[in-house]
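Down below is the structure, laid out as structure tokens.
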Amino acid sequence: MYDDPDFKPTPAQTVMVHMVFAIMFFQYAARNYENAEQQANLNAQSNLHYHYSLGFYHQLVSSHGLEDLQALTLICAHLRNFPKPGASWMVTNTTLTLAVELGLHRSAKRWAQALPQTNALEIEMRKRVFWSLLAIHVTLSGKLGRPMPMGLQDFDVELPDAVDDDLLSEDSTGESKEGKCAFRVGIEGFKVTLLYLELFSTLYAARRNPSIYLDTVNRLEAKILRWRDQWPMELRQDPIKKNQEIRVFALYSELYALEFRILLRHPAVSMTSSPEFNAESLNICLNSAREMLKIVKVIRHYKSLDTTWYSGAVLLMAITITLYAQWQRRSQITAVDIANLREEMTEWADIMAEVSVSLGKTLDPSVMA
Amino acid sequence: MNGACKNCKQVNQPCRTTDRITGRATERGYVDTLERDFNVAVQFIRDYETQLTALGVDIKPFDLKVIRSKPDEEASLQHWDATAVNDQSQVWAADGGLGPTESALASFGHHSGSTTSPDAHDPNMFRAVLPVLKPGCNGDNYLGVSSGLSSLSAIRGTALSVLGMEIDIADFSSSDVDEPLSPGLGQGLYNKSYQSFLRSAMNVNPKVEKVNLPPKDSGLTYSLWYLRVLNPYIPVLHEPTFTSLVCRTPSSSSRVRC
Chain A
60 MYDDPDFKPT PAQTVMVHMV FAIMFFQYAA RNYENAEQQA NLNAQSNLHY
110 HYSLGFYHQL VSSHGLEDLQ ALTLICAHLR NFPKPGASWM VTNTTLTLAV
160 ELGLHRSAKR WAQALPQTNA LEIEMRKRVF WSLLAIHVTL SGKLGRPMPM
210 GLQDFDVELP DAVDDDLLSE DSTGESKEGK CAFRVGIEGF KVTLLYLELF
260 STLYAARRNP SIYLDTVNRL EAKILRWRDQ WPMELRQDPI KKNQEIRVFA
310 LYSELYALEF RILLRHPAVS MTSSPEFNAE SLNICLNSAR EMLKIVKVIR
360 HYKSLDTTWY SGAVLLMAIT ITLYAQWQRR SQITAVDIAN LREEMTEWAD
410 IMAEVSVSLG KTLDPSVMA
Chain B
90 MNGACKNCKQ VNQPCRTTDR ITGRATERGY VDTLERDFNV AVQFIRDYET
140 QLTALGVDIK PFDLKVIRSK PDEEASLQHW DATAVNDQSQ VWAADGGLGP
190 TESALASFGH HSGSTTSPDA HDPNMFRAVL PVLKPGCNGD NYLGVSSGLS
240 SLSAIRGTAL SVLGMEIDIA DFSSSDVDEP LSPGLGQGLY NKSYQSFLRS
290 AMNVNPKVEK VNLPPKDSGL TYSLWYLRVL NPYIPVLHEP TFTSLVCRTP
340 SSSSRVRC
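Shown next as structure tokens:
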């Protein structure tokens, strides 16, 4: 795009490049709030690249190829970053529908033989686009109380291979050098998406069944713990990491697990009157919320707090469950507990102040103190 | 002995009064006691309604006015076949499989129209389950369920509640995110709102004809950072392909260099 003035990119290629810039301008604007004028300028540029890309929407949808879906998925990713949900769910829903029309939800083994010209690169990119869309959709649908896009039995496409992009070509996937893969955090995110899909389809569904609540919680709890146990080494917490990006990947993986445990055991969705189970649930929620605070403080240190509205909602959930848990114990609470709680809330207030700024709203931390 | 007259109190006898028209004798204070018991009973019913609704049972809320207006109709708690809900044990297989089975499907939808939309005569059908829809915010509304637990809620879209407080992190005005107040004046047409997406995607907005790429150095830096920091979470870009697209120069490395 830069070096060849005669190059005529396709609409999909144009949108991919401009959406990357739209996203990056937005991220820079969200994280550099000290200079209001610069922030406004960066945000305006982001909106310009975004709306220029939207001008090609009809062409992308009509053309309906893999490249077009890559571009549309980037639009979904950008919409997901906005401070309010807006059109994000609707557009992600539409894009996933297009992906299903293209058969991206089906295993490559089902169609690869019928299409001899399909290459290894395309097979992997088809997987990555589908799973990325599914992950965005499940996240948004779960938080907005919308139905899940499909059941587990409706797709059989495999997870993407953990192969370095440099070794992925049209000819073969090759072997990843020493297990190197830049998007292992994404693959693990895809795996946990399946657990979230099951969680939102059961405990948070419009029709819930109390008779299998306990079995469902115990089963999903075992699954999330197994998911943590099978993480690759690079995603495990280690104070001595090679680079900051990988440290942040590990922190966000931990955050996914903690959020899951709180949603799974949340008192508001309990369907049992067992005081022992509910007490255990509240304890798990409280400990998970406290662990979440530690993780988020480190993420903040790396200036990598998520700018999305639903990340803010998750942090708010951790705050409220902490307050509620202590409120439930108010008859036994000690002065030390109160002091610790006050300190926790002060730390949370600092975090939320920064989150609110990235959402575009200044918050006075003293209001929450 | 509440409300007993002085004489009956002195001899410790039930104080009874007789209705002059019906001749029926009742203990004094009977009506007060009845009213008190009735209010307690109604409160119990409301609490049960809340719990049942939160569990997904479709019930008709207790409404005295409706019952009085139709005294001949059989009182019924449920609008439709209770087995439709009870059969949900079939909906989830033992291994947690998703999706309805045939038996559950057979019991769905034999009523015309939506069985889940509020009946015009029962405005409280989804009380304490769905929050009030925010007008003009089609994308932002939470449409899931929440329990009757009044002191805490799970995430409900951008909001949740704790100890009587409702906190909505999207409860702020922003010219960049909200629908413009005066689209006709051309302000806010290219922001992040739902309507601005639709206007641009459907070519209602004046088309943005051309947007220059950032200067090459900046552009390459942004591309590099995107591939390193954000693409790993949503890996829809193949690094070498995107790199060559940006630079239009074949690159054997995933590093963005031109």
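The listed protein sequences correspond, in order, to chains A and B.
Using the working numbering, you'd call the opening residue of the first sequence number 60 and step up by one each time.
Using the working numbering, you'd call the opening residue of the second sequence number 90 and step up by one each time.
Just so it is clear, CB atoms sit at the ideal spot from N, CA and C, and this is done for glycine as well.
Handout entry: Collapsed DSSP secondary structure at S250/B in the structure displayed
Key = S250/B: strand per DSSP, three-state reduction.
Handout entry: Pairwise C-alpha distance: L107/A and V79/A
Key = A straight line joining the alpha-carbon of V79/A with that of L107/A spans about 12 Å.
Problem - CB contact flag (R359/A, S340/A, <8 Å) - result: No.
Handout entry: Reduced DSSP category for L241/B - H, G, I as helix; E, B as strand; rest coil
Key = It is a strand residue.
Handout entry: Element boundaries [beta strand (DSSP E), containing R105/B]
Key = Start and end: R105 to T107.
Problem - Runs of alpha helix (DSSP H) lying entirely within the stretch 93-168 of chain A, each at least 4 residues, in chain order - result: Complete alpha helix (DSSP H) runs here, min 4: 95-113, 116-122, 125-139 and 147-160.
Practice task
Inspect the beta-carbon positions of L253/A and F319/A and report whether they are closer than 8 Å.
Solution key: By the CB criterion at 8 Å, L253/A and F319/A fall outside the cutoff.
Problem - Candidates V307/A, Q118/A, E293/A and P334/A: closest to L273/A by CA position - result: Ranking V307/A, Q118/A, E293/A and P334/A by Cα distance to L273/A puts P334/A first.
Practice task
State yes or no: is the beta carbon of K149/B nearer than 8 Å to at least one beta carbon in chain A?
Solution key: No, its Cβ sits nowhere closer than 8 Å to a Cβ of chain A.
Exercise for the section: Let me know the alpha helix (DSSP H) ranges lying completely inside the stretch 291-323 of chain B, each 4 residues or longer, listed in chain order. Expected result: Runs of the alpha helix (DSSP H) spanning 4 or more residues and lying entirely within the stretch 291-323 of chain B occur at 305-314, in chain order.
Exercise for the section: In angstroms with no decimal places, state the Cα-to-Cα distance between I410/A and L375/A. Expected result: Approximately 10 Å, taken between the alpha carbons.
Exercise for the section: Identify whether I358/A lies in helix, strand or coil by the three-state DSSP scheme. Expected result: Reduced to three states, the DSSP call for I358/A is helix.
Exercise for the section: Please determine if the stretch 68-75 of chain A and the stretch 117-136 of chain A are in contact, where contact requires at least 3 C-beta pairs separated by less than 8 Å. Expected result: Yes, the stretch 68-75 of chain A touches the stretch 117-136 of chain A.
Practice task
Using alpha carbons as the reference points, say which of A146/A, R401/A, L345/A and N100/A lies closest to S200/A.
Solution key: Of all alpha-carbon atoms in A146/A, R401/A, L345/A and N100/A, the one lying nearest the alpha-carbon of S200/A is that of A146/A.
Practice task
For S270/A, count neighbouring Cβ atoms within 10 angstroms of its own Cβ and tell me buried if that reaches 16, exposed if not.
Solution key: With fewer than 16 Cβ atoms within 10 Å of its Cβ, S270/A is classed as exposed.
Handout entry: E116/B - containing beta strand (DSSP E), residue span
Key = Counting along the chain, E116/B sits inside the beta strand (DSSP E) bounded by residues A114 to E116.
Practice task
Inspect the beta-carbon positions of C104/B and A93/B and report whether they are closer than 8 Å.
Solution key: Note that the C-beta distance between C104/B and A93/B is below 8 Å.
Handout entry: Contacting residues, own chain, Cβ-Cβ under 7 Å from A130/A (five flanking each side not counted)
Key = Same-chain partners within the cutoff: A71, V74, M75, M78 and L119.
Practice task
Tell me whether D224/A is buried or exposed, calling it buried when 16 or more other Cβ atoms sit within 10 Å of its Cβ.
Solution key: Result: buried.
Problem - Three-pair Cβ contact test at 8 Å for the stretch 387-397 of chain A versus the stretch 249-268 of chain B - result: The answer is no - the stretch 249-268 of chain B does not touch the stretch 387-397 of chain A, with fewer than three Cβ pairs under 8 Å.
Practice task
Output yes or no for whether 8 Å exceeds the beta carbon distance between N294/B and R288/B.
Solution key: Using a Cβ distance threshold of 8 Å, N294/B and R288/B count as a contacting pair.
Practice task
Please report how far the alpha carbon of I258/B lies from the alpha carbon of P144/A, in whole angstroms.
Solution key: So the two alpha carbons sit approximately 11 Å from each other.
Handout entry: Where the alpha helix (DSSP H) containing M75/A begins and where it ends
Key = Per DSSP, the unbroken alpha helix (DSSP H) holding M75/A starts and ends at P70 to R90.
Problem - Bridge-paired residues (DSSP) for I256/B - result: Partner(s): L249/B.
Practice task
Below 7 Å CB to CB, which residues in the same chain sit around I321/A once its five sequence neighbours on both sides are set aside?
Solution key: Cβ neighbours of I321/A within its own chain (closer than 7 Å, five residues either side excluded): C344, S347, A348, M376, A377 and I380.
Practice task
Between the Cα of E413/A and those of Y361/A, R306/A and I246/A, spot the shortest distance and give me the residue it belongs to.
Solution key: Closest option to E413/A, Cα to Cα, is Y361/A.
Practice task
Please confirm whether L227/A and L180/A have their CB atoms less than 8 Å apart.
Solution key: The criterion of a C-beta distance shorter than 8 Å is satisfied by L227/A and L180/A.
Exercise for the section: Flag this pair as touching only if the stretch 123-141 of chain A and the stretch 292-312 of chain B have three or more C-beta atom pairs under 8 Å; answer yes or no. Expected result: Because the criterion of three Cβ pairs below 8 Å is not met, the stretch 123-141 of chain A and the stretch 292-312 of chain B do not touch.
Problem - Near-chain B residues of the stretch 326-354 of chain A (beta-carbon distance less than 7 Å), N- to C-terminal order - result: Under the 7 Å Cβ criterion, the stretch 326-354 of chain A contributes P326, A327, V328 and M330.
Exercise for the section: Starting from M184/A, find everything on chain B with Cβ-Cβ shorter than 8 Å and list it in chain order. Expected result: What M184/A touches in chain B: V325 and H327.
Exercise for the section: Please report how far the alpha carbon of L418/A lies from the alpha carbon of N102/A, in whole angstroms. Expected result: Taking the CA atoms as reference points, L418/A sits about 12 Å from N102/A.
Practice task
Evaluate the contact criterion for the stretch 135-142 of chain A versus the stretch 189-196 of chain A: three or more CB pairs, one atom per stretch, below 8 Å.
Solution key: They touch, by the three-pair rule.
Practice task
Return helix, strand or coil for T393/A, following the three-state DSSP convention.
Solution key: Here T393/A sits in coil by DSSP.
Exercise for the section: Could you tell me which chain A residues have their CB closer than 7 Å to the CB of C336/B, listed as they occur along the chain? Expected result: Neighbours of C336/B on chain A, chain order: Y61 and D62.
Practice task
Give me the Cα-Cα distance between Y426/B and E293/A, rounded to the nearest whole angstrom.
Solution key: For chain B, the structure presents residues 90 to 347; residue 426/B sits outside this window and is missing.
Practice task
Using a cut-off of 7 Å between C-beta atoms, extract the partners of P321/B located in chain A.
Solution key: Neighbours of P321/B in chain A, taken as residues at a C-beta separation under 7 Å, are given in chain order as A241, F242, V244, G245 and F308.
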